[in-house]
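Novice: Numbering follows numbering that gives the first Met the number 0, with no gaps: position 100 of the sequence shown is 99. Ideal Cβ placement from N, Cα and C applies to all residues, glycine included. Let me give you the structure first, and then I'll get to my questions.
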Amino acid sequence: MERLRATGSARAGLGEWLWQRVTSIYMAGFVVYVVAYLSLSPIRDHAAWQAWFAIGYVRLAWAIFILSILIHAWIGMRSVYLDYLHPLWLRFSVSLLTALGLLALGLWAARILLA
0 MERLRATGSA RAGLGEWLWQ RVTSIYMAGF VVYVVAYLSL SPIRDHAAWQ
50 AWFAIGYVRL AWAIFILSIL IHAWIGMRSV YLDYLHPLWL RFSVSLLTAL
100 GLLALGLWAA RILLA
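Below you can see the structure in the form of structure tokens.
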């Protein structure tokens, strides 16, 4: 008689699915806001851009947007790797390179946001 193998909880992927939906909704809303804002009051020069970007809630919104991109990208790429990269060494290597790349992008964005 064949034993059934435990495949884990049925809710194991619910957290990732929810994070992807939340981040995509925020990113879409943020892009609509930025396009509408820049359409209604275009920023003409670098000084005006710096003045707009110096506002606290604008900088916070950009930080959340960048964090959303990083989370969304990590979850999406991780899902692709788990589905299509079967050798463990390859999946680990590609996941590590992706994590390091996203970390580097996050640190670069933090440097820009905190400047």
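So, L104 versus A62, is the Cβ gap smaller than 8 Å?
Specialist: Within the sequence shown, the letter at position 105 stands for residue 104. Within the sequence shown, the letter at position 63 stands for residue 62. No, the pair does not count as a contact, with Cβ atoms beyond the cut-off.
Novice: State the Cα-Cα distance for the pair V34 and M26, rounded to the nearest angstrom.
Specialist: For the purposes of this step, residue 34 is taken as the residue at position 35 of the sequence shown. For the purposes of this step, residue 26 is taken as the residue at position 27 of the sequence shown. Answer to the nearest angstrom: the Cα atoms are 12 Å apart.
Novice: On a Cα-Cα basis, can you pick out the residue from L39, L96, S67, A108 that is closest to Y80?
Specialist: Position 81 of the sequence shown holds residue 80. By alpha-carbon distance to Y80, the top candidate from L39, L96, S67, A108 is L96.
Novice: Out of H45, Y36, A114, H71, point me to the one whose CA is closest to V21's CA.
Specialist: By one-based count along the sequence shown, residue 21 stands at place 22. For V21, the nearest C-alpha among the options comes from H71.
Novice: Given a cut-off of 8 Å on the beta-carbon distance, is the pair W18 and I74 in contact?
Specialist: Start at 1 with the first residue of the sequence shown, and residue 18 comes out as number 19. Start at 1 with the first residue of the sequence shown, and residue 74 comes out as number 75. Their beta carbons are under 8 Å apart, which means W18 touches I74 by this criterion.
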